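Written out below as structure tokens is the structure these notes cover.
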Amino acid sequence: QQQVKQSPQSLIVQKGGIPIINCAYENTAFDYFPWYQQFPGKGPALLIAIRPDVSEKKEGRFTISFNKSAKQFSLHIMDSQPGDSATYFCAAGPTGGGNKLTFGTGTQLKVEL
Amino acid sequence: NAGVMQNPRHLVRRRGQEARLRCSPMKGHSHVYWYRQLPEEGLKFMVYLQKENIIDESGMPKERFSAEFPKEGPSILRIQQVVRGDSAAYFCASSARVTNEQFFGPGTRLTVL
């Protein structure tokens, strides 16, 4: 019940394409859903986050779509660039006590010229 | 730059030795989280601490691992009698209050020979 399932494991798109990464969760106590971007040898960097009271959130070229009834959320990267090549992790957690995040297994994205 | 600081960045230990990993949270943050990342895997929660208190240690192995966050100084993750399976990247994150907005440090990469 604590798992967050992420797919695909890896993804290759052409420059300008729109990669989509999907995550699904089971625990209905989760109400905070961040995405992190990680470059090799670096720590994860908070990219964008959403709460269940909205179905979509945009920040620059990054968009989160959220489907509460299906318990799924996804990350879209508009006009992807080679510099977006990184590993992306979705996560989920409760707003209440504990605050630990449960992470997906990651998606390695490569954006080719 | 007042980001999360971790040291050392790389640590090599032989089996049976002790490893001490340090984390200084962002300025103004009093909540610290430790996560472990095995190669090609997502991050796994280990422990959540506030100043002088362990709030949630549900992800900590029962033996050999301990964590503290003293009133003064950095948070310490201590691994006694390390084994090869402890080789991983250990990340610290901090937050300003009881919120899920966690900011990660660059990590400590532990290698056990």
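Quick mapping for you: the protein sequence lines, in order, are chains A and G.
Quick note, the first sequence lines up with residues 59 to 171 if you use my numbering.
Quick note, the second sequence lines up with residues 2 to 114 if you use my numbering.
For every residue, glycine included, the Cβ atom is placed at its ideal position computed from N, Cα and C.
Computed from a prediction, not measured in an experiment: that's the story for all the values here.
Closer than 7 Å by beta-carbon distance: list the chain A residues that pair up with G/P107, in chain order. Working through the second sequence from its first residue, we reach residue 107 of chain G at position 106. Those within 7 Å of G/P107 in chain A are K100, G101.
Ignore the nearest five residues each way along the sequence and tell me which others in G/Q81's own chain have a CB closer than 6 Å to its CB. Your numbering for residue 81 of chain G matches position 80 in the second sequence. Only E19, R65 meet the Cβ criterion.
Within the 8 Å Cβ cut-off, does G/F92 reach chain A? Translated into positions along the second sequence, residue 92 of chain G becomes position 91. Chain A contact via Cβ: present.
Going by Cα to Cα distance, which pick from A/A103, A/K129, A/Q166 is closest to A/S143? As a working note, residue 143 of chain A is residue 85 in the first sequence. Checking every option, the nearest Cα to that of A/S143 belongs to A/Q166.
Buried or exposed (CB count within 10 angstroms, at least 16 for buried), G/G1: Here chain G covers residues 2 to 114 and nothing more, so residue 1 of chain G does not appear.
Using a Cβ-Cβ distance under 8 Å, would G/F46 count as near chain A? Indexing the second sequence from 1 puts residue 46 of chain G at position 45. Yes, G/F46 counts as interfacial toward chain A.
Partners in chain A for G/E102, counting only beta-carbon separations shorter than 9 Å: Taking the second sequence and counting its residues from 1, the one referred to as residue 102 of chain G is at position 101. Under the 9 Å cutoff, chain A gives Y90, P92, L104, A107.
Using only the alpha-carbon positions, how far apart do G/Y34 and G/S95 sit? As a working mapping, residue 34 of chain G is identified with position 33 in the second sequence. As a working mapping, residue 95 of chain G is identified with position 94 in the second sequence. Taking the straight line from one Cα to the other gives about 6 Å.
Does DSSP put G/G74 in a helix, a strand or coil? As a position in the second sequence, residue 74 of chain G is number 73, starting the count at 1. Of the three classes helix, strand and coil, the one that applies to G/G74 here is coil, per DSSP.
Quick test of your reading: G/F92 and G/Y36, contact by CB under 8 Å. State the CB separation rounded to the nearest angstrom. Position 91 of the second sequence holds residue 92 of chain G. Position 35 of the second sequence holds residue 36 of chain G. Confirmed, about 5 Å.
Would you verify that the beta carbon of A/V71 is, or is not, closer than 8 Å to some beta carbon of chain G? Numbered from 1 along the first sequence, position 13 holds the residue referred to as residue 71 of chain A. Output row for A/V71: interface = no.
By the three-class DSSP mapping on this structure, what secondary structure does G/G4 have? Here residue 4 of chain G corresponds to residue number 3 of the second sequence, with the count starting at 1. Note: G/G4 maps to coil in three-state DSSP.
When Cβ atoms are compared, which residues of the region 61-85 of chain A fall closer than 7 Å to chain G? Answer in chain order: no residues at all.
By Cβ distance below 7 Å, which residues in the same chain neighbour A/G155 in space, the five residues on each side in sequence not counted? Looking up residue 155 of chain A in the first sequence gives position 97. With a pLDDT of 49 at A/G155, under the threshold of 50, the modelled position of this residue cannot be trusted; read the value that follows with caution. So the list is empty, once near-sequence residues are dropped.
Start and end of the beta strand (DSSP E) containing A/L167? Counting from 1 along the first sequence, the entry for residue 167 of chain A is found at position 109. Element bounds for A/L167: 165-170.
What are the boundary residues of the beta strand (DSSP E) that includes G/M47? Here residue 47 of chain G is taken as the residue at index 46 of the second sequence, counted from 1. That run of the beta strand (DSSP E) goes 44-51.
By the three-class DSSP mapping on this structure, what secondary structure does A/P66 have? Mapped onto the first sequence, residue 66 of chain A falls at position 8. Correct three-state label for A/P66: coil.
Excluding the 5 residues flanking A/K129 on each side, which residues of the same chain have their C-beta closer than 7 Å to its C-beta? Stepping through the first sequence from its first residue, residue 129 of chain A is reached at position 71. Once the five neighbours on either side are set aside, the close Cβ partners of A/K129 are A82, Y83, E84.
Can you name the start and end residues of the beta strand (DSSP E) that A/S132 belongs to? The residue you call residue 132 of chain A lines up with position 74 of the first sequence. Looking at the DSSP string, the run of the beta strand (DSSP E) that includes A/S132 is 130-135.
With 8 Å set as the bound, which would you pick, yes or no: does the beta-carbon of G/G43 sit closer than that to a beta-carbon of chain A? As a first step, residue 43 of chain G must be located in the second sequence, where it is residue number 42. It does: the Cβ of G/G43 has a partner Cβ on chain A nearer than 8 Å.
For G/I77 versus G/A90, is the C-beta distance shorter than 8 Å? Taking the first residue of the second sequence as position 1, residue 77 of chain G is located at position 76. Taking the first residue of the second sequence as position 1, residue 90 of chain G is located at position 89. Not a contact, by the Cβ cut-off of 8 Å.
So, with DSSP's three-state summary, where would you put A/P140? Here residue 140 of chain A refers to the residue found at position 82 of the first sequence. A/P140 falls in the helix class under three-state DSSP.
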